[in-house]
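This report refers to the structure that appears directly beneath it.
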Amino acid sequence: MNFSELFKQSQGLCKFSPDGQYLVNCVSYKVIIRDVETLQIIRLYTCVDAIQAVDWSSDSQFLLCAMYKRGMCQVWSIDQPDWTCKIDEGSAGLIHALWSPDGRHVLTAASFNLRVTVWSLVNKSISYIRFVKNAKECLSFSSDGKYLALAECRKCKDCVSVFAVDSWQLMNLFETDTEDLSGLKWSPDGRVICVWDHCLWYKILIYTMDGRCLSTYKAYEWALGVKRAVWSPTSQFLAVGSYDQKVRLLNHITWKSISEFSHTSTVQASNVVVYGEKESRPEIPKHENTNLNAPPTIFSTQSKYEFLTLPVELECCLPDPEKPNPKIGVNWMEFSPDNKYLATIDDSMRTAMHIWSMQKLCLFVVLKQTSPIKCARWDPCKSRLALCTGNDKIYLWSPSGSVSVQVPISATFHVYSLKWHPNGRSILLLSKEQTCICYLENSPT
Amino acid sequence: MERGSNQQERTLPNGVATFTHFCNDENFHECVNYLDQELSIYGHPSIATDCGLNQVALINVTHNVLLSYKKSLESHSDTADMQRNAESEMTRLQHLLTLAKEDLANKERELKSKSIEESHLNQRMESLRKKLKADQEKCRRLSAELVSRDTQFKHEKKKKMQEIEKMQTKLHQLLQDKRQDRMLGIEILNSLQRADGRRGRWSTDKTRKNNEQDMYRLIIMNYEDSQKQLLKENNDMRQYLKQMQDELVTALNERINHTSPNSSKVVVAEENEEITDMCPEKQDSSDLSEGMFDMPYDMVKEDIERSLNSKWRALRKEIHRERKTSTEQEIQSDKLIEYQRVIKEQQQLIDYFTASQGGNKETHMMKDSYFLEEKADLEKQKSQFRQQRLAFEKERKYYTDALLQLGQDRQNFEEEKRVWLQKDFMQITPLRGHRQTGKKRASSSGSRSSMRSKGLSASWSGITAKDFMDTSDQESSDNESSSFAPVFTPNSKLDKIYMTQTINRSPSPESHPLTTSRPNSRRSTSPSSPKCSSRASSLHPPTPSTSDLYRVLGIRFQDKENQEQSPSRIQDAKLRTSKRQADDSVAPTGDRKRSGRFVKVDDIKVTLFPN
Numbered sequence: 001m002n003f004s005e006l007f008k009q010s011q012g013l014c015k016f017s018p019d020g021q022y023l024v025n026c027v028s029y030k031v032i033i034r035d036v037e038t039l040q041i042i043r044l045y046t047c048v049d050a051i052q053a054v055d056w057s058s059d060s061q062f063l064l065c066a067m068y069k070r071g072m073c074q075v076w077s078i079d080q081p082d083w084t085c086k087i088d089e090g091s092a093g094l095i096h097a098l099w100s101p102d103g104r105h106v107l108t109a110a111s112f113n114l115r116v117t118v119w120s121l122v123n124k125s126i127s128y129i130r131f132v133k134n135a136k137e138c139l140s141f142s143s144d145g146k147y148l149a150l151a152e153c154r155k156c157k158d159c160v161s162v163f164a165v166d167s168w169q170l171m172n173l174f175e176t177d178t179e180d181l182s183g184l185k186w187s188p189d190g191r192v193i194c195v196w197d198h199c200l201w202y203k204i205l206i207y208t209m210d211g212r213c214l215s216t217y218k219a220y221e222w223a224l225g226v227k228r229a230v231w232s233p234t235s236q237f238l239a240v241g242s243y244d245q246k247v248r249l250l251n252h253i254t255w256k257s258i259s260e261f262s263h264t265s266t267v268q269a270s271n272v273v274v275y276g277e278k279e280s281r282p283e284i285p286k287h288e289n290t291n292l293n294a295p296p297t298i299f300s301t302q303s304k305y306e307f308l309t310l311p312v313e314l315e316c317c318l319p320d321p322e323k324p325n326p327k328i329g330v331n332w333m334e335f336s337p338d339n340k341y342l343a344t345i346d347d348s349m350r351t352a353m354h355i356w357s358m359q360k361l362c363l364f365v366v367l368k369q370t371s372p373i374k375c376a377r378w379d380p381c382k383s384r385l386a387l388c389t390g391n392d393k394i395y396l397w398s399p400s401g402s403v404s405v406q407v408p409i410s411a412t413f414h415v416y417s418l419k420w421h422p423n424g425r426s427i428l429l430l431s432k433e434q435t436c437i438c439y440l441e442n443s444p445t
Numbered sequence: 001m002e003r004g005s006n007q008q009e010r011t012l013p014n015g016v017a018t019f020t021h022f023c024n025d026e027n028f029h030e031c032v033n034y035l036d037q038e039l040s041i042y043g044h045p046s047i048a049t050d051c052g053l054n055q056v057a058l059i060n061v062t063h064n065v066l067l068s069y070k071k072s073l074e075s076h077s078d079t080a081d082m083q084r085n086a087e088s089e090m091t092r093l094q095h096l097l098t099l100a101k102e103d104l105a106n107k108e109r110e111l112k113s114k115s116i117e118e119s120h121l122n123q124r125m126e127s128l129r130k131k132l133k134a135d136q137e138k139c140r141r142l143s144a145e146l147v148s149r150d151t152q153f154k155h156e157k158k159k160k161m162q163e164i165e166k167m168q169t170k171l172h173q174l175l176q177d178k179r180q181d182r183m184l185g186i187e188i189l190n191s192l193q194r195a196d197g198r199r200g201r202w203s204t205d206k207t208r209k210n211n212e213q214d215m216y217r218l219i220i221m222n223y224e225d226s227q228k229q230l231l232k233e234n235n236d237m238r239q240y241l242k243q244m245q246d247e248l249v250t251a252l253n254e255r256i257n258h259t260s261p262n263s264s265k266v267v268v269a270e271e272n273e274e275i276t277d278m279c280p281e282k283q284d285s286s287d288l289s290e291g292m293f294d295m296p297y298d299m300v301k302e303d304i305e306r307s308l309n310s311k312w313r314a315l316r317k318e319i320h321r322e323r324k325t326s327t328e329q330e331i332q333s334d335k336l337i338e339y340q341r342v343i344k345e346q347q348q349l350i351d352y353f354t355a356s357q358g359g360n361k362e363t364h365m366m367k368d369s370y371f372l373e374e375k376a377d378l379e380k381q382k383s384q385f386r387q388q389r390l391a392f393e394k395e396r397k398y399y400t401d402a403l404l405q406l407g408q409d410r411q412n413f414e415e416e417k418r419v420w421l422q423k424d425f426m427q428i429t430p431l432r433g434h435r436q437t438g439k440k441r442a443s444s445s446g447s448r449s450s451m452r453s454k455g456l457s458a459s460w461s462g463i464t465a466k467d468f469m470d471t472s473d474q475e476s477s478d479n480e481s482s483s484f485a486p487v488f489t490p491n492s493k494l495d496k497i498y499m500t501q502t503i504n505r506s507p508s509p510e511s512h513p514l515t516t517s518r519p520n521s522r523r524s525t526s527p528s529s530p531k532c533s534s535r536a537s538s539l540h541p542p543t544p545s546t547s548d549l550y551r552v553l554g555i556r557f558q559d560k561e562n563q564e565q566s567p568s569r570i571q572d573a574k575l576r577t578s579k580r581q582a583d584d585s586v587a588p589t590g591d592r593k594r595s596g597r598f599v600k601v602d603d604i605k606v607t608l609f610p611n
């Protein structure tokens with residue numbers, strides 16, 4: 001395992017391009033594009049303001065930089081350094097900007113979800129989509145990039161509109177049976193759209209593109225409901241995390257629940273492996289003179305995983321019922337790329353990572369960390385999970401075992417976020433102001 | 001009396017109260033008359049005569065009066081006692097009454113407090129009920145309120161959203177108007193080509209239709225894909241079902257083929273039942289041809305379900321049976337191993353013999369014939385031995401009887417001798433002639449006991465006359481039923497009592513089992529038996545009769561038996577003889593023969609306690 005040197009970045013704006021060739025990192029209003037292999041700077045652009053979001057086009061040829069404060073976007077080309085494009089939302093304001101899947105259109109959402117504007121970079125045309133409910137959650141492209149599903153609220157009624165991306169023509173508009181639609185997501189195979197209601201009403205609806213409702217699923221009533229819904233890569237499962245600390249798995253044929261994964265504070269099931277992170281601090285050396293020469297990593301805490309004997313008590317903090325948006329329930333879920341595992345984090349147990357086996361439909365592994373998990377991502381090619389907890393270590397889990405790795409570069413480099421390279425051979429580690437690449441395999445070069 | 005006289009004085013007819021004397025010379029006659037009158041009133045004969053006082057009558061009357069006075073005194077004291085008793089009883093009862101009253105008061109108080117408590121509780125319950133009702137009402141009201149508020153909220157929300165919508169539209173229009181002035185919001189150096197290199201098309205109805213067609217094509221494709229997938233899954237399932245069916249059929253058929261030849265008669269009935277159960281399955285399996293599983297499922301659903309169910313049932317039954325017979329099989333397998341081992345050993349032996357004999361068949365045959373001959377001899381000897389044994393046993397019986405007879409004879413003899421000696425002794429004593437014939441027996445026994453008390457006066461003292469009587473009575477009654485009864489003289493009874501006493505006095509814990517009719521303890525030379533015998537012999541009184549007998553027996557004993565066993569045998573024999581007498585009386589056996597011969601003691605043992 002190798003680590004690159006540190007680069008500066010701001011606001012965690014650092015991304016691999018979809019083809020894996022380039023790496024962009026933004027430092028305030030500068031955009032730095034590097035070659036992933038050599039880490040040499042290829043392009044350097046300067047935006048008009050501090051960049052707040054950055055996005056690669058699907059063909060990795062263009063880069064979209066959003067400056068929400070200023071209500072502007074700038075697009076940069078990798079091949080043509082002289083080419084410029086500036087998109088100004090103007091007085092409407094900007095809250096979200098993203099590429100359309102074809103890489104030739106930019107979608108921007110105005111303040112108060114007033115409208116979604118589609119900017120064409122091909123013919124400078126502008127299209128407006130109005131009555132959008134929520135530009136972040138209620139906007140989903142099909143995986144083949146041909147269609148866009150968008151939740152709207154017209155005359156106080158929720159509905160879903162389907163657009164053909166190449167002409168931005170409205171193909172279909174259908175009402176949904178929801179009280180307050182809060183999100184939708186196209187299935188990875190592009191056959192169905194999953195729609196879920198506001199957390200006050202537990203309701204999951206499955207629609208086809210032409211507006212037929214295939215299924216309605218309600219697990220319970222009255223209590224706070226759906227927190228997040230995630231499709232498996234094969235579209236065979238829909239995992240629904242809710243405020244009752246459970247994940248319900250719906251199957252893709254009958255759309256009924258096939259299993260319930262409940263997150264309890266005590267792990268008792270007999271065949272669960274629980275890895276517990278154990279930290280050990282090295283003793284403080286007696287003479288200060290010797291310290292000065294020693295590398296800084298020596299003084300940081302060491303940690304390793306240990307097998308814990310069941311039952312294991314997980315750290316759990318119950319939320320205050322008086323406050324809104326209680327920090328409980330499953331809010332983060334991700335299927336492994338091979339569809340074999342589902343990793344979940346319950347908001348009341350941020351230190352524990354639950355990994356469920358999809359073949360046996362049971363809890364498989366629990367990773368018990370000493371501090372709350374900040375970010376976790378699956379390797380895009382393998383069943384390998386990387387996670388970080390805001391300290392100087394990254395943690396990797398695979399079915400064969402679990403390991404914690406100290407980032408040896410600097411003791412002050414605390415990993416807050418991580419991103420996998422599309423080929424799964426390296427991870428981009430992000431601290432608050434710096435970044436580095438962790439190469440998992442020793443490359444022949 | 002005095003009190004009476006005082007009363008008399010007070011009620012004198014003349015009314016003169018003289019405290020000194022009631023009667024004096026002057027009023028003698030008056031007094032007599034008065035007394036006479038008074039006495040006649042009380043029903044006494046007159047004491048006065050014409051001439052004066054009748055003294056005799058007076059005395060009699062006085063006596064009577066005294067008697068009646070005494071009686072009255074007695075009755076007075078009695079009544080006083082009774083009164084006292086009644087008074088005390090009354091006080092007790094009064095006490096009890098007060099107690100009861102107190103108790104009652106307490107109870108009443110308690111009752112009152114309880115009733116107050118109850119009323120309190122009732123009140124509380126009422127209040128709680130009211131509260132509950134109120135709460136329920138409140139709940140209902142609140143829920144209604146909630147619903148109304150919810151609808152109100154929804155309405156408000158809707159209104160607000162409409163307002164927002166309006167505002168958004170307005171804003172949008174305003175923005176758009178503004179933009180008209182300001183040119184477009186996009187500044188681009190030069191337009192890009194499409195990613196696929198195509199040029200943009202005008203949006204016409206045709207393209208719109210094309211797009212729609214594309215969409216529906218995609219939808220249909222998706223459906224087709226999913227149908228294909230389902231079809232494949234369905235096909236796999238059908239295949240699997242068929243495979244399962246085939247496997248089940250083969251498994252069940254195999255089982256039938258397996259079990260039918262070696263099934264024992266016990267399970268035949270069950271088997272038949274099962275086989276008949278399975279017969280339709282066989283047909284079914286033939287019915288359910290390969291095409292069956294590719295037919296539309298709703299048509300063949302019932303058939304498949306039925307056949308599968310029956311198969312599963314058969315299989316379950318089979319498993320159940322297997323489980324039941326598994327233990328049996330285990331036992332049988334154990335047995336089998338054992339048998340195999342035996343067979344192996346036999347084989348080894350055979351091998352060994354054949355090897356040692358060098359494989360000569362003739363000698364082998366000869367050997368066999370020898371064996372046969374030997375065996376016949378052995379059989380003959382065995383039967384002979386058995387006969388002998390029977391004869392011995394018979395003889396032994398005779399000997400035992402004879403021994404018993406001998407003992408009795410000896411006893412009789414001793415008794416006679418004793419009587420003779422006594423008589424002799426009586427003739428010598430000066431008290432001769434004072435003895436009455438009626439008391440002869442008692443005195444003789446007393447003298448005998450005094451004679452014997454040299455050795456065991458202390459132990460004899462423990463036996464009461466009653467004991468004597470009881471045992472003697474029992475013995476006599478026993479003897480009456482016994483065939484031996486005529487042999488005993490009245491005196492022999494005492495001797496027997498004595499014998500029983502010796503038995504009773506022999507050390508209790510060890511010797512007690514000996515007195516019970518347990519063949520083992522009698523036969524065995526237990527370690528305790530020598531000890532008890534020795535103690536018995538030490539306690540044994542030096543009676544000439546029994547000791548002589550024992551001595552004789554002992555001699556015979558020692559002739560016959562081992563020296564060290566003899567004392568115990570003596571004791572045994574002694575006990576047995578006494579016991580035997582009792583046994584005989586209970587279950588008399590007719591074929592007793594008296595004989596003058598001595599008896600072997602070991603014979604006694606066998607005869608008395610036959611197996």
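Protein chains in written order, with the UniProt record's numbering: chain A, 1 to 445; chain B, 1 to 611.
Every residue, glycine too, gets a C-beta built ideally from N, C-alpha and C.
Contacting residues, own chain, Cβ-Cβ under 8 Å from residue i (five flanking each side not counted)
i: glutamate 322 of chain A; result: none
Nearest-angstrom Cα separation, counted from residue j out to residue i
i: lysine 317 of chain B; j: serine 226 of chain B; result: 41 Å
i: serine 77 of chain A; j: serine 431 of chain A; result: 27 Å
i: serine 100 of chain A; j: aspartate 347 of chain A; result: 32 Å
i: serine 84 of chain B; j: lysine 70 of chain B; result: Note on identity: in this sequence residue 84 of chain B is arginine, with serine being the wrong assignment. For arginine 84 of chain B and lysine 70 of chain B, the distance between alpha carbons rounds to 20 Å.
i: glutamate 313 of chain A; j: glutamine 369 of chain A; result: 12 Å
i: glycine 329 of chain A; j: lysine 246 of chain A; result: 7 Å
i: leucine 390 of chain B; j: arginine 396 of chain B; result: 10 Å
Limits of the alpha helix (DSSP H) - the one that residue i falls within
i: cysteine 31 of chain B; result: 28 to 41
Close Cβ partners of residue i (< 6 Å) along its chain, the five nearest in sequence each way excluded
i: leucine 349 of chain B; result: none
i: valine 419 of chain B; result: none
i: aspartate 19 of chain A; result: Ser60
Among the options, the one whose alpha carbon lies nearest that of residue i
i: glutamate 254 of chain B; options: B:Lys228, B:Val300, B:Leu315; result: B:Leu315
i: aspartate 25 of chain B; options: B:Gln176, B:Gln245, B:Gly52, B:Phe371; result: B:Gly52
i: leucine 218 of chain B; options: A:Asp210, A:Leu224, A:Trp222; result: A:Asp210
i: arginine 34 of chain A; options: A:Thr46, A:Val48, A:Cys14; result: A:Cys14
i: glycine 424 of chain A; options: A:Asp320, A:Thr117, A:Leu440; result: A:Leu440
Neighbourhood of residue i by C-beta, 7 Å cutoff - its chain only, sequence neighbours within 5 removed
i: serine 259 of chain A; result: Leu249, Leu361
i: histidine 105 of chain A; result: Val118, Trp119, Ser120, Leu121
i: histidine 120 of chain B; result: none
Residue range of the unbroken beta strand (DSSP E) whose run includes residue i
i: asparagine 339 of chain A; result: Taken as a continuous stretch (DSSP letters only), asparagine 339 of chain A belongs to no beta strand (DSSP E), as it is neither H nor E.
i: valine 160 of chain A; result: 157 to 164
i: tyrosine 202 of chain A; result: Run containing tyrosine 202 of chain A: none; DSSP gives neither H nor E here.
Which whole runs of the beta strand (DSSP E) in the region 4 to 53 of chain A are 3 residues long or more, in chain order?
-> 14 to 16, 22 to 27, 30 to 35, 41 to 46
With a floor of 4 residues, list each alpha helix (DSSP H) that falls wholly inside the region 206 to 255 of chain B, ordered by position along the chain.
-> none
Any chance you could list the beta strand (DSSP E) runs of at least 3 consecutive residues sitting entirely within the region 237 to 283 of chain A, in chain order?
-> 237 to 242, 246 to 251, 257 to 262, 273 to 280, all fully within the region 237 to 283 of chain A.
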